[in-house]
Structures are given as structure tokens and as C-alpha cells.
Amino acid sequence: MKQVTLSKENILGLIAIGLFVLMSISVPGFLSSNNLTNMMFQLPEFGLFALAMMVVIVTGGIDLSITYTAALAGVAIAILSSNGYPIIIAILGGIAVGLLCGFMNGFIIAKIGVSPILVTLGTMVLFEGLILSITKGNSISGFSPEYTLIGNGYYLGLIPLSIIIFLFVAILTSVLLNKTVWGRSVYMVGSNPVASLFSGVNNSKVLMKVYLYSALLAAIASIIMTSRYNTVKVDLGSSYLLQSVAAAVLGGTEIQGGYGKVIGTLYAVMIFQMISSGLNLMGVPRPIVTVIMGVILIAVLIINFIKVKADENKQKKLAETA
Amino acid sequence: MKAFLKSKEMSVAVIILLLCIILAFISPVFLTADNLLDVVKGNAVLGILAIGMTLVIITGGIDVSVAAVTSAVCVVLGKTMMFLPDSPLTIVLIFVIAPLFGVLLGSINGILVAKIQIPAIVVTLGMMSIINGLVLYITNGQYLNSSNFPTVFLKFSNFSVFGISIIIWLFIITAALTWYILKYTLIGREVMAIGGNKESAVRVGINYSKVQIFVFSYMGFLTGIAAIAQTSYTKAVDPNGMIGLELMVIAAVVLGGANIMGGRGTIFGTILGVLLLGIIQNGLILAKIDTFWQKVFTGAIILIAVSYDHIQYKRSQKQLSKIEVEA
Amino acid sequence: MSEYLLQMLNISKTFPGVKALDDVKLEVKKGEVHALIGENGAGKSTLIKILAGVYQPDPGAQFFFEGKEAKIRRPIDATMRGISIIYQDLSLFPNLSVAENIYIGRDSDKHSWKKVDWALMEKTAKKALKELDFEIDVSTPVEKLSIAQQQMVEIARALAFDAKLIVMDEPTSSLSAGEVEKLYEVIFSLKKRGISIIFVSHKLKELFTVSDRFTVLRDGKYVGTYHANELTEEKLITLMVGRKILYEKNKEKAASGKTLLEVRNLAKEGNFKDISFELREGEVLGITGLVGSGRTELAQAIFGINRPYKGDIIINGQKTVIKSSEEAVKKGIAYIPESRKTQGLILRQSIINNISLPVLKKLKNKFLLINRRKEIELAEHYIQSLDVRPPLPYRAAGDLSGGNQQKVVIGKWLSTNPKILIIDEPTNGIDIGAKSEIHKLLRGLAANGMGIIVISSELPEVLAVSDRIIVMRHGRIAGELGIHEATQESIMNLALLGQKGKVREEAQL
Amino acid sequence: GCVSQQGAGGNSNSSKDGKDEAGGGDGKIKIAVVPKLIGIPYFNASEKGAIQAGKDLGVEVIYTGPTEADAAQQVKVIEDLISQDVDVIAVAPNDAAALSPVLQKAKDKGIIVMDWDTPADQSLVELSVHQIDDEAYGRHIAKSLIEQMGTEEGEIAILTGGLAAANLNSWIDAAKKELEENYPGIKLVTDKIATDEKQQVAYQKTLDLIKSYPNLKGIMAFSTPAPLGAAQAIQEKGLQDKIAVVGTALPKDSAPFLEDGSLDVAILWEPDKLGYLTVALAKDLVDGKKPENGQNIDGVGEVEVWEDGKTVIMGPPTDFTKDNAKDYDF
Ligand SMILES: Nc1ncnc2c1ncn2[C@@H]1O[C@H](COP(=O)(O)OP(=O)(O)OP(=O)(O)O)[C@@H](O)[C@H]1O
Ligand SMILES: Nc1ncnc2c1ncn2[C@@H]1O[C@H](COP(=O)(O)OP(=O)(O)OP(=O)(O)O)[C@@H](O)[C@H]1O
Ligand SMILES: [Mg+2]
Ligand SMILES: [Mg+2]
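Residue numbers (the working numbering), protein chains in the order written: chain A, 82 to 403; chain B, 216 to 542; chain C, 779 to 1287; chain D, -10 to 319.
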């Protein structure tokens, strides 16, 4: 029967809690309402990228074009709304553009079968080029005040709207992955695409939906970012690319595919957020923050490794005494 | 010859050839020796790193920390050169220091991948973050320029043999050496074997972790060489100058026919991949493509190249699985 | 000096939750062919992996090789002593040439920078291949070889390493009858040269053909070691399973109902051509032939994976184009592939997730979510009815032994309630007990109205389950035989020579 | 209807209290100076000046910024600064519009907001410190190029750091305007070419440019690494006398190229002074003082203040040439 054990995710959760306690004690101002709301405002966009990346990694792929997909969607929204279209139309237009990007990735990966890293490398450059040629490198703004509420507003005057959107998407992703036929197929295709094909799974449909979903999350991230920053530019969120891979992997997602959980990614994003905010509050130089993030990434995996080894030894001892 | 016609390199070669023909028509300058040498020289650093990456990718690994490691070596190299005397010995010394430091960083990657069994992309992502942060912290992004280097190094940078720059020679020698290792040494064959089938490799008694550590250390060694080439090329050290290069390195290798899952990849293919990327960059300006559309073209060419290559590959696989059907 | 080349004593091996081996012993004499047999999950593969240095036995094990105590900690220790293992899934490097595959592993560890002498390598390889009387260009990459050829390369590797003991784990499971004969010859010649062989197989006939002595395992325990002349097939089975089973030619009459599937002039370039046949409700159609005769390709074309083809597939009287495996499943076709580990199962996933995979869509509740309770019930149902051992639904499929894995695959496809079941090499690597269970199961399913196509290279099996037999040769149908006229000889005639025993119309009667 | 634009009033009150406490705690004024990114020579130089000003004037200076020139990262840095209860935030925005909401937030919390180096949303800032008048600067560079070319006819090209860099774009636009208005004989061969803020890319692209346009007479290079790469290409091909290069580079880095004429003039201001000025004016603001036109700032010199009372111009640009480059330490 199922045992309650220290899974990868549980360890990570403990680390996250530990970190929170540590930061609260040692960093003045960490528990201030100001800092807490800050973190809640900063987390959603990064979290959305990390989730989008995680879903792709579970299939054994990777999406390097994700931030430019978001930027392109943002450009569409900006152009539509600055041309006087209502917010809803602008948002839908942005999502449609995002989905189109996802479709392009999905088509070449799922139908033609080219490896994801190559395809998304190509589309990354392509999307960047498209944005450059549309915007001529300039930033576009001109969103309506209601639009900026999405990224800057509060729900009940207390909780940032964007974190609510993020949590909703996280729960949705979790339900989709764990409880739906598509979600199950994602894990199966990620574990062994040949066997899933031989089991009547339409791999290319599953993959196509994965890239569409990832693009959708990127578009949502884009909505939050553009409304928060009130502008869009070619490099909108570009620094999130490798960070989101790191967060997904830190969250326990296996880079070869087949395994990955929303909750793990959530913990990882929280850990990164706390480190970033906490160390900034302490006045640690930014480069050192980068160093520490790298150290944490590797350290957590070493901890996992040691734990697996320890478990094996324990099992052995148990077997010997039995 | 026949084998080559069917090989994966062939499709890249075809694309390069097509591009060359088009560019030759558009720009009379393109096919001049001068221009072609410039292209090779400008992409030598990319090439040297891509050659190391070929080995990593053949074993089924990946190293996204190459650009960061190269930057770190460049910085170390630049700082030490400020103290080195203006004598030929300095050149010898930098060829010891740079590769050694590269190997040191590379072997850390290797040990983490082999002994702790963390996936290569994760280890190297972490390393990239650590090294980039440290380099930025230590140097504060400060440039070192040629006035910081001994003149013997500047002479070395401008040195050429048979009219070919030393930087290109570094690339050629690296390629030849690596080709030799891959083809004629036991460890080279073990690299191929591990990529072909990891489980079999363990069963026939190949020391899997040793090979992995070797591959990452060798990658580190080549970042040392690449750092020398880079410093010679720009005659300056810019701690931020390599950011983002890792993706191009990986792209070059995979465009050259290496399989990202491991087992397949050749030095020749990688050289073609590097050339393809180099020619695209060069050609965009020669062809006077509008600035804002250059990236669109680059992206589109990469996508077409990889799709074409993959379709070719699938076709050849189909040929392979054919059986003789009686007429 | 003892008469034994190899002695493994007091061998136990515990996996988390399973005691795979419990105080087992294995003693192999010089120059003998020693059969290692037992039911699925008896522990044969585990024992061999211990010998190979892949697994470490539990403490207390004793190991003697050539009379001396030996420690085998890593695979290389075994290789260096002259123990060569030929695994069922082979240990070749598809991207390397034949010569390299034969040579590799030599000098590993110590001489990393040693120059590879390609000339010497090719010479060694050619010599080893010549000893096997097997001709092939040694520079061909191994991925271009057939399975049988690949096996020869493995054996050549063992010879090139001066192996004193060669272990073959189910070497014949992917070979055709002709190739099996060839393998026997090789085994006999190895034996003559004083090389000992441990032979693992579920095919009793061939075991009696080649083996001198038998070591029998049951449920991880040592049953005994016997001379071939002390044993009969029946006795051996009793030792293995504690009960008697044998299978014989099918005598039942097919209750042929309406036509479920009709294939007309199916052709795919480089795979097969002019394929026409029909499958009726309640019958079992056997398709046999040599390996590489295109049977798998044909089956996969019908299942929508091997596309595009020319010609027509007619299901229930309606012409259909099957574009994907998904559609095939919708149309009531199930296909159990020949390779369990790569195609049949998702090894890292649980038994539940494997069984439910093709029917997930039917397990949706009204919120469009998977009904986990129903899913578990479904898995438990098939675990019980097919007697999967151990009956732990949460266990990863990869932790099961070969036979139990096959049961999971079958369960997975039965869960879709297929009308047409195509099963490719159904009992590959499956013990005799489970085999006849599977045969019975197939007959039972047919009796309930399912149409079944059994693709098999094992003639006794084809004869035991089929109502009709199609023999393929070089991508074409060489002929069709009714069960009454079919014998091993008549099938082999068609498969090897293409001589038609009877015309098809007659055979159908 | 529960959604409101900004946090509950209680929030800002409490943090205001916090600020007062902090202010009373160590008594030092806290001035945060946020560059576009940290770790590049230009902003390192301004950091030096800012820190020096902190020492001279007895205020605490926090100099921090993103590690990439990314608007999102910069917003985070500012948000974290707000949590640290600083008195002034002076920012060089990567993207002015992107910072508006967070600067608004800072303002709401009682923090004085100003910009430096590159303008932010003018409705939010108390003060806008410019090294230079952008328009004048761009025109000056164009004129210098013509001067160095020695002719008013011929083909020229423009290199830029990134296509999306707003301040570079405004200089380039000014330079283009100058050429169009006063030098009709000059032909721009192609649109500005991006060099990714990397010297070796500028170098490679310049090589390609020289080949594609053999009659090229001049290159204007914007962003600090670009002139160096362009000059390097000229140096290597020995075209010092044929092609003139002017650009925005730091004197120390340009010295080797100025020496042999491969780079003719590097035109910039003294970024350390800009940092110093920013801090000095920030402190004045906290003390309730507004700058005046012609005011003399210790260590910087006379500054120009526009009529809006907000825009402060540090002074005319400095031309760094072969002769004076060695006198500067940045
Ligand atoms: N890695 C493993 N982890 C856990 N249990 C294992 C593992 N490998 C084997 N087992 C268990 O050990 C037992 C013996 O398996 P083994 O593969 O040796 O059987 P076998 O005799 O080779 O069977 P088959 O004929 O089906 O191949 C089985 O119960 C199997 O489930
Ligand atoms: N694992 C493999 N590697 C390389 N080639 C293979 C492999 N399996 C089959 N082939 C090749 O594919 C072709 C068709 O084989 P196919 O499997 O269709 O034959 P088959 O009649 O189904 O035989 P079987 O099912 O017994 O393998 C043959 O040329 C064979 O050599
Ligand atoms: Mg077995
Ligand atoms: Mg087959």
C-alpha cells in the first residue's frame, strides 16, 4: 500500500518552510507586509513560466521560445488596445497569437518530429525577429487603466489579483495533469513515446496540446507582465527562460521526461522568490544572489541523491535483519 | 563517398551549398577568400566549443555552462597576463594556465554528473549561474583591453601561417585532435559506445563515470583553448561578451547531425553546423537584408534546416527498415 | 582441481520487498551446455546478473571459478575471467561497426589513451566471425543487422574475448526456426572447443536438443540439478511448476461467424505486397514465417502505425482507412507488440497506469476526469484474472519478470474489449506454464467471439492456437494452411521455399 | 467590485511609520541609485561617483540593479528597495513605461523618485538628471563624424548596442536628423545594425559591412562596446585613413584604438560625475532644496536646469581623443 514517505516534493516543501523561517528570523523586514505583497506580486509571472516549462519537460522536451512567445502575445495585446479595441478583444487576440506560436512549435515537434530543443531554438530567434520587425525595437504602451488592474490590483484590497490568477492556473494545471486523459497521456508519452503510441495514444495530438498549453500559460504570464509594467518590449521577461528551467528541475521534474509535479515546481518557485527577495533585502550583491541560486539548485539534487542512497542502505539493512 | 552521400552531414552540406550559391549571386564579395576566412575566424571560438560539445552530446549529455566557463577562463587569462612578462614564455604559460583552469571547472561538472548522477543539463545550468555570478562579482564587468596585455600576446594574436590566422589554426588543430581522439583512442571509442547504448557499455565493462568525467573535462580543456582564441580575437576581455553563446554552440552541434539523445555526431558534421551558422550571419549583411528582419531570417533558416534534415533522416531510416519483397 | 568450471553457492538476492533468490546453487562443468530453467520470475535472469557482476548477491554467497574463489564486483571482473554474457536484449552498440562491437571492452579502464588499432580490430573480428562460419562485412554498423545477425556478433565477441563460459539468456526468442538451427550448430562447435555454456530458455524442445544438464529454479529457490537423460519434458515441467502441462495441436473447430476484418491487396513499399486475407468472428488466424518476412509490418499497418499503405482494410464490411493507433483502438482493434519492454509497456509507470492507458477515455466521469477508483478496480480485475505476480497494482511494471509483464500487456488490451486482437510473438520469453495459460486464454477469447491474429515464429505455438495459418515469405503470403493439413514440415516448406502445399480456397474449407 | 487599484490604506501608513523609525534609527539618509544593469564598465564608473558622493556628503548610497538589462528584473529591484525604506530612488530605466507603476507605488509610500541617465515617466519624477541633452548629443556625434571624414559626401553606417535600446535610439534619431538637415551628400547605407552590446559582434559586423559597402567612409557606433569592435575591424584591415569611426566609448577602453586612429573620437561624458551629481541632487531634494540653473555642484561643475525646473543637464559631452584619453581613469 501507499506509504507516507519523504518524497522529493516533500523534502522541497520542508526546505521552503525552513527557508521562510530562516529568512523571517534573520532578515529584517522580510515579514513586513510590504515585502510579503512584493513577493506575491513578483511570483506569478515567474511561476507561470515555470509551470509552462514543467509541462513541456514532462514530455521530455524543452521550450526555449517561451519568453518570446509571451512577448509576442504582449505585443499583440498592446497593438490591439492602443488601437482602441476593448480589453477583452485585446486579451483574446494576445492569447490567440500566443497559441499560434505554440501551434508552430507543436506542429514541427509533433508532426514533423524534430527535437524540441532545436525547434524552439529556431522559433525563439524567429519570434524575437518578428517582434523586432513589428516594434522596430521600441516599447509599446498605451494600455487602459482597467487593464493595468490585472497585474497591479488587489482582491479584497489585500491579496494581489495576479497571485490569485497564478494559483488558479496552478490548480488547473495540477488537475489537468493528474486527472484528465490528456494529463495522463502527457506522463505516458514522456516516459516512453513508443509504448504510448502502441497503446493507442495519439502522441502528436498530446504533444501538440502540450505546446499549446505551454504557450497559453506564457500568454497569461504576458498579460500579467504587460499589465504590471504597462509596456511591452522585445525582451519582456527574457531573463525568465533559464530560470524557469531551473525552477522546474529544482521542483523535481525529470529532464528526460515522464515525471514532474505542479506542487514541486510551486515550492521551487517559492524558494527562488524567497532567496531573491530576502537576499536583496539584506543588501547582498545581485551577482552573489545568482551564485546562491546555482548552489541551491545543485545542492538540492545532491540532497536528493544522498537521500536515495540512504534509503537503499536502510532497505538493505532491513532485509539483512529480516 | 557513397556513405557520405547518405549521411546526416549531407543535408547540412546541401543547405550550406545552396546558401553559398544564392549568396554568391547576391554579393560578389561573398566567395572571396578574404570573406570566407573572416567567417571562419569569426566563428572559431564557436567552433572550438562546438567540437567539445560534440563529445558531450554524443554521450547523451549537454553542457550549458560552456559560455560561462569560457568567460571565467578569459578573465583569469586576462588577469594573469597583466602580470606576465613580455617574453615568448608567456605564450607557453597561457597555453598551460587557460586549459588547466578550464579542465578544473569542466571536471567539477563531470564529477557531479558521473558520481552524483545529476542530469547534465541541471548540473551545468547550476554551474552557469554560479560562474556567471562569480565572474560578474569579481570583475564587476570591467573590460581588460590590449593595453593590459604583453605585446608578445598581441603578436601571437596577429600571427598567421600560410596566410591563415593563428585563431583559425587553433580551431583546425582542435578539430583534428578531437577527431583523432574520437577515432583512434580507446576513450574516444568508449565515448561513442556510451552514447550508442549506455546499458551495453556498462555490461561490457566500460567505466561509465570515467568516460563522463573525461568528456566534461575535455570540454573544459577546450573552453581553455576557446578562451585563448577569444582573447586573441577581441584582444580584450569582456566578462559579459559570451552571454548566450551556449545556445549557439548547441545549435551548431545539432545542426551538424549530432543526436541530442546521444550516440551520433561527428566532428565534420559539427564543423558544417558552425559554418552554416557563420554563413547565415555573414550573409545577412552581405545580402543587405533589412536589420529588423535579420533575426526572422535566421530563425526561419534554422527551422527549415532542422526540419529538412529530420525529414531526410526519417526517409533514410525507412530505407533501412525495408525488406526484400518478392516481385 | 574440481570438475567444475563455475560454482555459485549460497546465492541469495533481496530486492526491496522481493526475495528474488533464496540460497540457490549453480555448478557448471567444463565443456557442458547447462540449461537454467524455471517459471517466469523464478530468478534466472537475476542469477545471471549476479554472475555478470551487474548485481551484488546478499552476503554469504560463495563463488568459485576454475577452482579458485572469485570475486565479481563489476561486469569487467566477469569479462576478464572469461565469462561472457549474452543478454536477451543483447549488449551491442548500434552506432558502432561489427568489428568494434566485437572488440570493445578490451583494455578498458587501464589504457584510455591507447591507440585503437583498427587493422588489428578488424582482424580479430574477422577471425572470430570465421570461427562461427558467419560472413559479414565487419565495417557495417550493427544497427543495420537483423536480430539473428546481431546475435552472431555477440557470440563472436565472446569468442574474441576467449570466453571460457558463455551465458545465453533466451537467445532464441527472436530467431526463426532456421536461425535457431544455425545457433545449435554454433553451440555444438563451441562445446567441442571446451567452452561451457549456460543456456536459459523457455522452449523445452530446444533445451533437450542442446543441453547436457539442467538446473531448475522455482520461486527463487533451488530445485535441483539433473542430467538430460534423467529427464523427460513432462518430468521437467513437473519440477518447474509442480504440475503437468503440455501443449498440443489445436483440435477445436472454429465457430466461424461473420467476417470481422478483410484485407485486400494490401501493399507497402519495402514491407509487404499483395496481402489479402480475412478474419472471422471466433477464429484464431496464425501468421508465421521467418523473421523479417514482414509480419510485424503488416500487423502494424493494420493497427495504423505503419503508414501509408496501398490497398483496402475492411472492418465489419466497411472500408476504412486507419490513420492512427488511436483510431484503430476506436475501431476495436488491439495490437500486442513483440517487444514488451519498449513497445508494450511503460516500465517506470505502475501496473494500474499501464492497464488503463488504452481505455482512459472510457474511465471519465461526468466532470471529464479520470475515475481513479474505477481504474484501480479495472487493474485489480486483470491482475487477478491473469494471475499477475506479485499482485501489487502500484508496483512499476518494470519490476515484474518477463512473463508477468506480458500478462500486464494482455490485461491492458483486454480492458479495451477488442473485437480484433492481433498478438505478435505472444509468448516470447514466457515460461511453459504461462504459455499454455495464454494459449488457453486466446482460445477462450475466440470462443467468445473475438477474432484473433497470432503472429509467431514458434511453430508448435502456431499449431496449438490457430484455426488457420498464413505463412509469409519475403513480404508476401506464401500460402495458407487449414489447421488439419498444417504440420511443422508443411509450414517450413512454405516459409523456406515458398512451395504451396494447397491453394488457398481449399485451405479455407 | 472588491478589486481596487492599490493596497489598503493601512499598508502605506504602516510603512511610512517604518520609514520614520528607520530615519530616526541611524539618522542617515538612504539614497538608492538604480542603473540599467550592473557589471558593465559604464555603470561601474557611475557607481564609483555615486559612492564617492555618498562618502563626501554623509549619506548612505545603495547602488544596485538588475544583472540583465531587463525591465522586469529592474521592477523587482525597485520593489525590494521600497521594502528597504529608502528616502530616494534614482533610476535609469530600461523601459520607462515599465517602471511607471512601481515608481507610482514608491511615490505613494513617500519615497522621492527621480531618474538619471535615461528619463523615466516625467509625471512621476521630482527630478530628471541628464548627462547630456540627447538631441544635442546625437547631433554632435554626427557632426564629429563628418569632421573626421573630412568630406560631406559619402556612405556611412550606424552600429547600435541593441535595436530596443531607447536612449541609443533617440541619439541615433537625432544624429540622422542632423545628417538629413545639413549634410545631404551623406548616404546611410543600411538601417542601424545591432551588435548585442558585444565587442566581438561589433567587430564581425563591421568586417561584413566593410566588405558589403566598399565605399564606406564613416561609422557611427552607439553603446560602449560597439565603437571598440568597429575600431578593431578598421585596425585589423588597416583602414584607419579610409574609414572614420566615432562613437560612445569610455576613454580607457578606447585608448589603444585612439592611438593609431582606428577610432577617431570617443564621445561621452564622465559617468562617475553623473553618479556623483545624481546623489548630490538627491540629497538636496531630501533636504528640500531644488536645483537652480547654473548652480555649481562640488566635484561636478556648473549644471544647466531647464525651465520645467526638473530637467538637469550635467553639461556638454566630452570628446576623448588620442591626446586626452590617458587622463581619465574609467
Ligand atoms: N530490479 C528489480 N527490483 C525489484 N524486483 C525485481 C527486480 N528484478 C527482478 N525482480 C524480481 O525478482 C524476481 C525474479 O526475476 P527474474 O527476472 O530473475 O526472473 P526470471 O526467472 O528471469 O523470469 P523470466 O523468465 O520471466 O525472465 C521476480 O519476482 C521479479 O519481480
Ligand atoms: N530490432 C531491429 N533492428 C534492426 N532491424 C530490425 C529489427 N527488427 C526487425 N528488423 C528488420 O526489419 C525488417 C522486417 O522485420 P519484421 O519484424 O517485420 O519481420 P517479422 O516477420 O515481423 O519478424 P519478427 O516479428 O519475427 O521479427 C527485417 O529486415 C528485419 O531485419
Ligand atoms: Mg528473465
Ligand atoms: Mg516481428
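Glycine included, C-beta positions come from ideal geometry on N, C-alpha and C.
Under 8 Å, do residue i and residue j count as touching if we go by C-beta distance?
i       : j       : result
A/G128  : A/V381  : no
B/S242  : B/L491  : no
C/P1233 : C/R1042 : A small fix is needed here, since residue 1233 of chain C is Ile in this sequence, not Pro. It is not a contact, given that the beta carbons lie outside the stated cut-off.
D/P216  : D/A233  : no
D/L263  : D/M103  : no
C/R1251 : C/S1071 : yes
B/G410  : B/I273  : yes
C/G956  : C/G809  : no
A/K89   : A/N385  : yes
C/A877  : C/S917  : yes
D/S212  : D/T149  : yes
C/L1272 : C/V1249 : yes
Comparing the C-beta of residue i with each C-beta of chain E, is any distance below 8 Å?
i      : result
A/R265 : Structure shown: chain E not included; protein chains present are A, B, C and D.
Return helix, strand or coil for residue i, following the three-state DSSP convention.
i       : result
D/H129  : helix
C/R1085 : coil
D/H119  : strand
A/S113  : coil
D/N171  : helix
C/F1145 : coil
D/D273  : helix
D/E248  : helix
C/Q1121 : helix
A/W263  : helix
C/P1169 : coil
C/I1093 : strand
Where does residue i land, buried or exposed, given buried means 16+ other C-beta within 10 angstroms?
i       : result
D/W160  : buried
D/N111  : Before going further, note that residue 111 of chain D is Gln rather than Asn in the sequence given. So D/Q111 counts as exposed.
B/G478  : buried
D/I78   : buried
A/K390  : exposed
B/R530  : exposed
C/H1005 : exposed
A/L95   : exposed
Please check the pair residue i and residue j, which I expect to be a contact at CB under 8 Å, by giving their CB distance rounded to whole angstroms.
i       : j      : result
A/L239  : D/A61  : Not quite, the Cβ-Cβ distance comes to about 24 Å (not below 8 Å), so this is no contact.
D/K94   : D/I71  : 7 Å
A/I383  : B/I331 : 6 Å
A/S285  : A/A191 : 4 Å
C/H1159 : C/F977 : In fact, because the Cβ distance is near 37 Å, the residues do not count as touching under 8 Å.
How about the region 277 to 292 of chain A and the region 1095 to 1114 of chain C: do they share at least three Cβ pairs that are nearer than 8 Å? yes
Three or more C-beta pairs under 8 Å: does that hold for the region 417 to 429 of chain B against the region 315 to 327 of chain B? yes
Taking three-plus beta-carbon pairs below 8 Å as touching, is the region 1086 to 1098 of chain C in contact with the region 253 to 270 of chain A? no
Three or more C-beta pairs under 8 Å: does that hold for the region 292 to 301 of chain A against the region 128 to 147 of chain A? yes
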